[in-house]
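Here is the structure we will look at, set down as structure tokens.
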């Protein structure tokens, strides 16, 4: 296939990395590639602009504006928890006292709701918390199981790679040995042929001298 990259590295069987000059050659290749790849200042220009306000809510936006303007944080209003009497100028007005009574009833209702929530918490808090902890343990066990399976899968892949490369390495070693033998045989044959040619030439020259 055109453009296909063939990776011929066999890390489990490759040798010679510690030989003189190999590390320097690899470092030089990396440096050369780094020199050829020089990203521009705006190397993100092919990406859409970053939307930094995507997750801002109106409350967050208001708070950011307050921080930017260095405005002090408004104190929490406790007015609704107070039970003030009518102003001094309205002590004799029925409407002012009725408003105070309504406020006190609202305060009592609020306290009743708080008491009810505390009672519900005392009744159901421990079981719910235990269930929450149990859910966390189940999530942890599930994640641990998946992590173990993933690590086992990675280990299995590494073992398969090592096995394949070891077998391939044995075959490559055998073929290399055979190649060396064939080259040596060819060299010996070539030397023998050269010697035979020289011997034939010597005989021919000797015969020519005898004939003359």
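Residue numbers (our numbering): 3 to 214. No residue lacks a Cβ here, since even glycine has one placed at the ideal position from N, Cα and C.
Whose CA, out of the options, lies closest to the CA of residue i?
| i | options | result |
| --- | --- | --- |
| residue 76 | 68, 192 and 29 | 68 |
| residue 54 | 45, 66 and 48 | 66 |
With distances taken between CB atoms, is the gap from residue i to residue j smaller than 8 Å?
| i | j | result |
| --- | --- | --- |
| residue 196 | residue 15 | no |
| residue 83 | residue 109 | yes |
| residue 95 | residue 88 | yes |
| residue 105 | residue 85 | yes |
When you compare only the Cα positions, how much space is there between residue i and residue j?
| i | j | result |
| --- | --- | --- |
| residue 3 | residue 12 | Reliability fails at residue 3, whose pLDDT of 49 lies under 50, so the model's placement of it is uncertain and no value is given. |
| residue 206 | residue 194 | 18 Å |
| residue 24 | residue 153 | 33 Å |
| residue 155 | residue 115 | 55 Å |
| residue 200 | residue 182 | 27 Å |
| residue 172 | residue 189 | 25 Å |
| residue 93 | residue 81 | 20 Å |
| residue 141 | residue 151 | 15 Å |
| residue 177 | residue 191 | 20 Å |
| residue 91 | residue 97 | 12 Å |
| residue 163 | residue 26 | 28 Å |
| residue 198 | residue 211 | 20 Å |
| residue 102 | residue 111 | 14 Å |
| residue 129 | residue 138 | 14 Å |
What residue does the alpha helix (DSSP H) around residue i start on, and which one ends it?
| i | result |
| --- | --- |
| residue 60 | 60–70 |
| residue 171 | 96–213 |
| residue 29 | 24–38 |
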